[in-house]
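Residue numbers (the numbering used here): 440 to 1040.
Note that beta-carbon positions come from the ideal geometry of N, C-alpha and C, so glycine has one too.
Taking it in order: structure first as structure tokens, then the write-up.
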């Protein structure tokens, strides 16, 4: 006689649950997707189990059994607004290196397994004693320059130096980058600062859409050697106010390499975890340490994982293009995930830097549909299409695949003289890959050993962020350089973007004043993040409550300065839009004072 399944639905212990909603004996079976995917060899011992497609209002019976830990009771709740389905949260963790069997009663099939509502995955044993791969850094030769402002002395962004001004035909929008410890920043085509968030170690700063509204997103957290990070993904509104923090689930920590919002309220992100793997087939130790690359889709509202993929079990260790570590205590980063994007058909495009390959993954099963590049490419690679140590693989609306070909890494010989932005035509019927456009090469012939991106702009142009090389370049599809610049930061920017953005800060404009002698007063004014300020009105008066307009000046870069003649004791500034409408006013200050978000000094 079969064992009675047990589960907790909401907060109630249920001994038997009707299988309503999943079909009766005379109905067709329903196919759902389960994550961790069937056959996963390295799931977290604290994983939840996501059952996507199951009726969340009237779920079927679920039995979860560990080969070492036995039966698991738990909570069965809806996944969240972004995804129909349920998640099973065990009341206790699984044991390391055990097989977990998930059984679902009723007429339910699970994608990726033989018909029937049962599947298995294995849990990993995490290695906390293994060292991350060392990063071989070149000699320090970076030029570092920072701007300073009278009205915002707390802001010291890196200087942006435009070598080729934006030509006619350049894309619309502002420029976004995040040179790590220097913080996220926005600047215009002239290199003038628009917004800067100091004291935030950040990456992948850009605009996206959340709940139908434009937002800013970035990853923040401490940076570790080799680019392995554990942090938090941030969403902020057009007032620069944080509205959500998105964490990795199932016991993992969010890595900097990807944070991509969907149009249905979820986000893709990356994570790494060192797990115990037998490396004797490759001449390594039996208790070897391997970095498992993990991709997740997380429901933003609930924080629950609605999809998960692991490199282990899907990409063989023998596919790596990098040397196996010589130390038995060093973790082997054989794959190195660095981008996740949805394809047009809903399946997933994943880039593996250390296998020189881009994968298309069946989202419902986790299985590989095809591999592009690397040792096991399913495509015949045409002339000039091979890439190595690549980043930012993205399917475009026209069907092409864009990828940033680093062609190099630290401590290894480059595979090509320069890094390149590639646009590839993929024939998925005949399985051939060809160049759709001539590769984009930097005017400076840059070779970037890490990071980088290639963004297709709405007008058809392409923007390249040169990763470890602190440069950015915009091209026409024919390869003509329209815009080129560099920045003098302490660190490079993982990616660089050009996007439209309207920012309306929630804090007040900033002001600083200085006695200029002979009844002259020097006034400086700024508003960090305001994109709509076109001019400034300077106010002056005998006291804080009696200020009157003195003059109006056009906005000039991030900070505008103006010398006025005045006997007044107090001053303020008012930001005006292009129509002369007031957008905000600073706090009043006396001569020699400064006022901003930090108060008056």
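Run of the beta strand (DSSP E) containing residue 867, from where it starts to where it stops: The sequence position of residue 867 within the chain shown is 428, counting from 1. First-last for residue 867: undefined, no H or E at that position.
The segment 989 to 999 in contact with the segment 962 to 974 per 3-pair CB rule at 8 angstroms: Enough Cβ pairs lie closer than 8 angstroms, so yes.
Buried/exposed call for residue 678, threshold 16 Cβ in 10 Å: Within the chain shown, residue 678 is the residue found at index 239, counting from 1. Residue 678 counts as exposed, since fewer than 16 other beta carbons sit within 10 angstroms of its beta carbon.
Inside the segment 589 to 631 only - beta strand (DSSP E) runs reaching at least 3 residues: Within the segment 589 to 631, the complete beta strand (DSSP E) runs of at least 3 residues are 598 to 603, 613 to 616, 624 to 626.
Cβ contact (3+ pairs, closer than 8 angstroms) linking the segment 691 to 699 and the segment 766 to 778: yes
Helix, strand or coil at residue 791 according to DSSP, with G and I counted as helix: Within the chain shown, the letter at position 352 stands for residue 791. Three-state result, residue 791: strand.
Pairwise C-alpha distance: residue 782 and residue 590: Counted from its first residue, the chain shown places residue 590 at position 151. Counted from its first residue, the chain shown places residue 782 at position 343. Going from the Cα of residue 590 to the Cα of residue 782 covers about 46 angstroms.
Close Cβ partners of residue 601 (< 6 angstroms) along its chain, the five nearest in sequence each way excluded: Taking the first residue of the chain shown as position 1, residue 601 is located at position 162. For residue 601, where only same-chain residues beyond five positions count, the Cβ hits under 6 angstroms are 630, 924.
Residue 731 versus 682, 793, 686, residue with shortest Cα-Cα distance: Counting from one through the chain shown, the residue named residue 731 turns up at place 292. Nearest option by C-alpha distance: 793.
For residue 1026, three-class secondary structure by DSSP: The count along the chain shown starts at 1 and reaches residue 1026 at position 587. DSSP places residue 1026 in coil when its eight states are reduced to three.
C-alpha distance - residue 1024 paired with residue 1035, whole-angstrom precision: Residue numbering aside, residue 1024 sits at position 585 when the chain shown is read from its first letter. Residue numbering aside, residue 1035 sits at position 596 when the chain shown is read from its first letter. Distance between the alpha carbons of residue 1024 and residue 1035 is about 11 angstroms.
Stretch pair the segment 979 to 990 + the segment 932 to 952: three plus CB contacts closer than 8 angstroms: no
Close Cβ partners of residue 743 (< 6 angstroms) along its chain, the five nearest in sequence each way excluded: Here residue 743 refers to the residue found at position 304 of the chain shown. Same-chain partners within the cutoff: 518, 519, 526.
Buried or exposed (CB count within 10 angstroms, at least 16 for buried), residue 550: Taking the chain shown and counting its residues from 1, one reaches residue 550 at position 111. When all chains shown are included, residue 550 counts as buried.
Nearest-angstrom Cα separation, counted from residue 829 out to residue 883: Position 444 of the chain shown holds residue 883. Position 390 of the chain shown holds residue 829. When rounded, the distance between both Cα atoms is 19 angstroms.
Buried versus exposed call for residue 1040 [16 or more other C-beta atoms within 10 Å across all chains shown]: The sequence position of residue 1040 within the chain shown is 601, counting from 1. So residue 1040 ends up on the exposed side.
Host beta strand (DSSP E) of residue 902 (start-end): In the chain shown, the residue the question calls residue 902 occupies position 463. Residues 901 to 904.
Assigned secondary structure, residue 756 (DSSP; H/G/I helix, E/B strand, else coil): As a working note, residue 756 is residue 317 in the chain shown. Residue 756: helix per DSSP, three-state reduction.
Cβ neighbours of residue 1016 in the same chain (closer than 6 angstroms, five flanking residues each side left out): The residue labelled residue 1016 in the question sits at position 577 within the chain shown. Closer than 6 angstroms at the Cβ level, and outside the excluded window around residue 1016, lie 971, 973, 1022.
Three-state secondary structure (DSSP) of residue 727: Position 288 of the chain shown, counting from 1, holds the residue named residue 727. Looking at residue 727 - three-state DSSP - the assignment turns out to be strand.
The segment 491 to 503 in contact with the segment 562 to 569 per 3-pair CB rule at 8 angstroms: no
Residue 446 (DSSP reduced to helix, strand or coil): Numbered from its first residue, the chain shown carries residue 446 at position 7. Residue placement at residue 446 is flagged as unreliable, the pLDDT there being 36, under the threshold of 50; the coordinate-derived value follows with that caveat. The answer is strand: DSSP assigns residue 446 an E or B state.
Rounded straight-line distance, which links the Cα of residue 963 to that of residue 1029: Looking up residue 1029 in the chain shown gives position 590. Looking up residue 963 in the chain shown gives position 524. One alpha carbon belongs to residue 1029, the other to residue 963, and they sit about 13 angstroms apart.
Backbone CA spacing between residue 588 and residue 595 [nearest angstrom]: By one-based count along the chain shown, residue 588 stands at place 149. By one-based count along the chain shown, residue 595 stands at place 156. In a straight line, the C-alpha of residue 588 is about 8 angstroms away from that of residue 595.
Delimiting residues of the beta strand (DSSP E) encompassing residue 815: Here residue 815 refers to the residue found at position 376 of the chain shown. Note, residue 815: premise wrong, no beta strand (DSSP E); not H, not E.
Alpha carbon of residue 655 to alpha carbon of residue 837, nearest angstrom: The residue given as residue 655 occupies position 216 in the chain shown. The residue given as residue 837 occupies position 398 in the chain shown. So the alpha carbons of these two residues sit roughly 26 angstroms apart.
Burial state of residue 543, where buried means 16 or more other Cβ atoms lie within 10 Å: For the purposes of this step, residue 543 is identified with residue 104 of the chain shown, where counting begins at 1. Looking at its Cβ environment, which holds 16 or more other Cβ atoms inside 10 Å, residue 543 is buried.
Whole runs of the beta strand (DSSP E) within the segment 942 to 1021, excluding any shorter than 3 residues: 949 to 956, 959 to 965, 974 to 980, 987 to 993, 998 to 1004, 1009 to 1015
CA-to-CA distance, residue 759 to residue 460, given in whole angstroms: Position 21 of the chain shown holds residue 460. Position 320 of the chain shown holds residue 759. With a pLDDT of only 37 at residue 460, under the threshold of 50, the placement of this residue in the model should not be trusted; the figure read from the coordinates follows. Cα-Cα distance, rounded: 45 angstroms.
Same chain, Cβ closer than 8 angstroms to residue 531, five either side skipped, listed in chain order: Taking the chain shown and counting its residues from 1, one reaches residue 531 at position 92. Taken in chain order, the residues that qualify are 508, 511.
Proximity winner among 607, 803, 910, 711, relative to residue 889 (alpha-carbon distances): In the chain shown, the residue the question calls residue 889 occupies position 450. Looking at the Cα atoms, 910 is the closest of the given residues.
Local Cβ density within 10 Å of residue 581, reported as buried at 16 or more and exposed below that: The sequence position of residue 581 within the chain shown is 142, counting from 1. Label assigned to residue 581: exposed.
Cβ-Cβ distance between residue 389 and residue 800 below 7 angstroms: Lying before the first or after the last residue shown, residue 389 is absent from the chain, which here runs from 440 to 1040.
Candidates 813, 875, 528: closest to residue 841 by CA position: Along the chain shown, read from residue 1 onward, the residue named residue 841 stands at position 402. If we check each option's Cα against that of residue 841, 875 comes out closest.
Beta-carbon spacing of residue 947, residue 870 below 7 angstroms: Sequence index remark: in the chain shown, residue 947 carries index 508 (1-based). Sequence index remark: in the chain shown, residue 870 carries index 431 (1-based). Not in contact: residue 947 and residue 870 (Cβ atoms no closer than 7 angstroms).
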